[in-house]
Amino acid sequence: MIPLQFITAFLMLFMGFYAFLYKRNLLKLILALDVIDSGIHLLLISFGYRLEDGTLPTAPIYTGYETLKGTPMVGPIPQALVLTSIVIGVCVLALATALTINAYRHYGSLDINKLRRLRG
Amino acid sequence: MSEDMGLIVKTMARATIPLIGIFGAYVIAHGHITPGGGFQGGATIAGAGVLFLIAFGLREAEEHYNHKLYSVLEGLGGLTFLGASMLGLSVAFFYNVLWHKGGVFAGEPGTLLSAGYLPIMNLAVGLKVFTGLVSAMMAISLYRRWKE
Amino acid sequence: MMLPFLIIIPLLGAFSMPIMSLLGEKARNAWAILVSALTLGVASKVFYDVWSTRQLVVYTLGANTPLGKGVNFPIRILWEVDLFGALIALTIAFVGFLAVLYSIEYMKHDTGLDKYYTLILTLELGMLGIVITGDLFNFYVFLEIMSIASYALVAFRNDTWEGIEAGIKYMFVGSLASSFILLGIALLYGQYGTLTMSYLAVKIAQNPTLVGRVALGLLMGGLLFKSGAVPVHMWLSDAHPAAPSSISAMLSGLVIKAGGIYALTRIAFSIYATSINIKTVGWLVIFFGCLTLIVGNAMAVVQTDMKRLFAFSSVGQIGYILLGIGIGLAAYGTKIGDIALAGAIYHTVNHALMKALLFLTAGAVLHEAGTKNLNELSGIAKKMPFTSFAFLVGAAAIVGLPPLNGFASKWLIYESSALYNPFLAAIAVAGTAFCTAAYIRVIFTFFGAPSEAVENAKEPGKAMIVPMLVLITAIIIMGLLPWQINDRIMLPTVDMLKDQLHYVIAVVGGA
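Protein chains in written order, with my numbering: chain A, 512 to 631; chain B, 4 to 151; chain C, 250 to 760.
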């Protein structure tokens, strides 16, 4: 049976792609981009979880109180990758919001089917 | 958006904005011991800035905001980050020379003054994120000039 | 030794631009020119080092050697430069310097210019980071830096509806493509446990699985989005005309090459080369290349907007480069594949120079005459003779006339496609026929009878003439010695690119 975290991650990806392709409001498209990113982040983090000798791993923080063999930890590398990716997602979100406000000023509506003046 | 939000909200905002600032500073400064660090703490303190903007209104926030100062602080944060990473350039780029050679930042792993250049970089990134996010929020809310 | 300065100098320039702009306008312009000139110097030194010794340069961030103490796999972020990366880095630094020089006079009437110079230095930094990295996640971070800077620059003139609409379309499509690329990288990490390119090549060769092939498909899909291949090329024709002209030159000449073509070639040749059925991947790339050739060049014939015509012509030329790379993949290891790949790399460098010259010319015409509609611009050759001569050189080079540099690269692609499969050569020649028709139309318009919109047009100022002059000189000089350049620079590039064994051994060290 596939573990639950992978099913959730792929479900979030599919919901994000569906919303991106079928919705027309610009703000819903921005939220769909964010849901796709969150799905990929969940997928990346859940790759670091591994069972070792049957004991469940804990968060990777050295507090100086444990010995080196008794307490396994989750992999720390995917957490660094996801932190970087969250910052990139915030930047794209901020730029998208600013452009949407500008588009409302020029076009008068937030419908993406109305942004069709450039054609040919 | 130009008027404030009533007496109850303003009083609560006066009480919680300094506390959010202190908690954000704790998250930035302990980035190499507990979860957190530069970006997370900077985003928390930017939350305090946005709370000021919403509770007290646009006119009040515009008097306290100086966009040239925030731009210069953002540039200084970036330059501190780059300078801290270039300290060990004779060995390699991003070499942690403050940890290997000893000094102030070379204590026991797990205490506050340890891990080489990491606390300096956390402070620089926190400053840059805070000033950048507050500048973006002020630019978006000052854009409504076309209505009035 | 000199390699980290390729990243430190533009980053220093971009972070200190708000402080420099407090000191006035002339200080800010001088600082921008100084930073980009220093970057050009460092890039030429790196290219000369790699070219004269023919060895890979491996640089580790944070330690002396890539291997830690007692472990036998790389645990650091590595930078690994071979001749292909150094060549594209030199092109990026050269065209970037000329674009910054051009925009000193072109953007004089706009406001908010300190943000503009910060963004253009960040764009150059992102592209330089992509071509020198040897680690997949570092590649994704630099790709996003380049993409976000270019979304903001396309929408720079936010008081016109054209910039905002083009910026929104470009941003949504570009973010979707970046999500595909991130999904491919996540699947590769989950299956193999490492993201360093050389060590990943070793692991994929030992154990090719289905997840690896799905990841290759996702990565190629996202990168074809970013380089403007045909089913997904719509954003290119809206974004490149709407940007200011110096940014159009950088977008059309450099961004679609560094972010799309270079990454595709690096992933196909240095990570996956011997572990998959390389003929199938090659024929897939050939199929998309042929579609792009025909559709791009054909759509360029019916445009009335000058910059939109140039943008569609860019799509067509990307089709040539994809055709060359596809034949190089499908005929991997034979002499035909070598020639095709040399033609594709040569055409990348040539097209960057030619398209930059054409867009700078279009910017000069727009700056002086105030319109870019071809129906109103007839007879501009009498008022602006130098600009028309520059446009003539650029158009002749793209079509492929002999004494200029477009001829050699197109000849290599024709020859290799004719030897591999004559049907492909017929498609390539048909594409060139459409391209000639489009540019002859613009030349007839320029050299016709003067209309009333060009009455008070004159030559632009000195800061806009000098970059065009430098590009014309470079095109003519490169056109006079084509076979020397081919034998000394392009063929060794192909040899180092195909040599996956040395790429891996330079890092893993035979362990």
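Glycine residues also receive a C-beta, built at the ideal position from the N, C-alpha and C atoms.
Supposed close pair residue i, residue j - CB separation, criterion 8 Å
i, j, result
"L555 of chain A", "P589 of chain A", "5 Å"
"T443 of chain C", "K452 of chain C", "7 Å"
"M376 of chain C", "Y365 of chain C", "Not quite, the Cβ-Cβ distance comes to about 17 Å (not below 8 Å), so this is no contact."
"L332 of chain C", "P741 of chain C", "6 Å"
"L327 of chain C", "V307 of chain C", "6 Å"
"L590 of chain C", "I574 of chain C", "7 Å"
"I594 of chain C", "M739 of chain C", "6 Å"
"V719 of chain C", "L468 of chain C", "In fact, because the Cβ distance is near 36 Å, the residues do not count as touching under 8 Å."
DSSP-derived helix/strand/coil call for residue i
i, result
"M251 of chain C", "coil"
"E151 of chain B", "Interpretation of E151 of chain B is limited by its pLDDT of 43, a score under 50 that renders its predicted location unreliable; no figure is taken from the coordinates."
"E414 of chain C", "helix"
"D663 of chain A", "Any question about residue 663 of chain A goes unanswered here, given that chain A covers just 512 to 631."
"A16 of chain B", "helix"
"D359 of chain C", "coil"
"V107 of chain B", "coil"
"V307 of chain C", "strand"
"T742 of chain C", "helix"
"D548 of chain A", "helix"
"D554 of chain C", "strand"
"P267 of chain C", "helix"
"P699 of chain C", "coil"
"N670 of chain C", "coil"
"M245 of chain C", "Outside the shown range of chain C (250 to 760) lies residue 245 of chain C, about which nothing can therefore be said."
"T443 of chain C", "coil"
"P112 of chain B", "strand"
"T583 of chain C", "coil"
"N536 of chain A", "strand"
"N705 of chain C", "coil"
"M584 of chain A", "strand"
"A646 of chain C", "helix"
"N622 of chain C", "strand"
"T722 of chain C", "helix"
"T83 of chain B", "helix"
"T409 of chain C", "coil"
Cut-off 7 Å between Cβ atoms - residues of its own chain near residue i, not counting five sequence neighbours on either side
i, result
"E625 of chain C", "S700, A702"
"G416 of chain C", "Y400, V403, A404"
"A560 of chain C", "L485, S486, H489, P490, S501"
"V53 of chain B", "M140"
"A723 of chain C", "L602"
Assigned exposure category for residue i - 16 Cβ within 10 Å defines buried
i, result
"E393 of chain C", "buried"
"L673 of chain C", "buried"
"H67 of chain B", "exposed"
"A276 of chain C", "exposed"
"F561 of chain A", "One point to set straight first is that residue 561 of chain A is Arg, not Phe, in the sequence displayed. Exposed is the call here."
"N456 of chain C", "exposed"
"L431 of chain C", "buried"
"Q733 of chain C", "exposed"
"H552 of chain A", "buried"
"N69 of chain B", "exposed"
"H600 of chain C", "buried"
"H35 of chain B", "buried"
"H596 of chain C", "buried"
"T37 of chain B", "exposed"
"V107 of chain B", "exposed"
"E373 of chain C", "buried"
"G582 of chain C", "exposed"
"S495 of chain C", "buried"
Own chain, CB closer than 6 Å to residue i, minus 5 neighbours either side, in chain order
i, result
"G423 of chain C", "S396"
"F474 of chain C", "A426, V481"
"K506 of chain C", "T597"
"M269 of chain C", "A276, R277, W280"
"S138 of chain B", "Y73"
"G728 of chain C", "P652, L653, N654"
"T610 of chain C", "T636, A639, F640"
Cβ neighbours of residue i in the same chain (closer than 8 Å, five flanking residues each side left out)
i, result
"L449 of chain C", "L385, L437, Y441, T443, I520"
Interface residues of chain E facing residue i [CB-CB closer than 7 Å]
i, result
"V593 of chain A", "The chain labelled as chain E is not found among the protein chains of the depicted structure, namely A, B and C."
Uninterrupted alpha helix (DSSP H) stretches inside the segment 446-527 of chain C (no shorter than 4 residues) = If we require 4 residues or more, the alpha helix (DSSP H) runs fully inside the segment 446-527 of chain C come out as 446-455, 459-476, 483-491, 494-499, 511-515.
Enumerated in chain order, which unbroken segments of the beta strand (DSSP E) with a length of 3 residues or greater are wholly contained in the segment 324-403 of chain C? The segment 324-403 of chain C contains, as complete beta strand (DSSP E) runs of 3+ residues, the segments 327-330 (chain order).
| query | What alpha helix (DSSP H) runs, 4 residues minimum, are completely inside the segment 12-66 of chain B? | reply | List check, alpha helix (DSSP H) in window: 41-59, 61-66.
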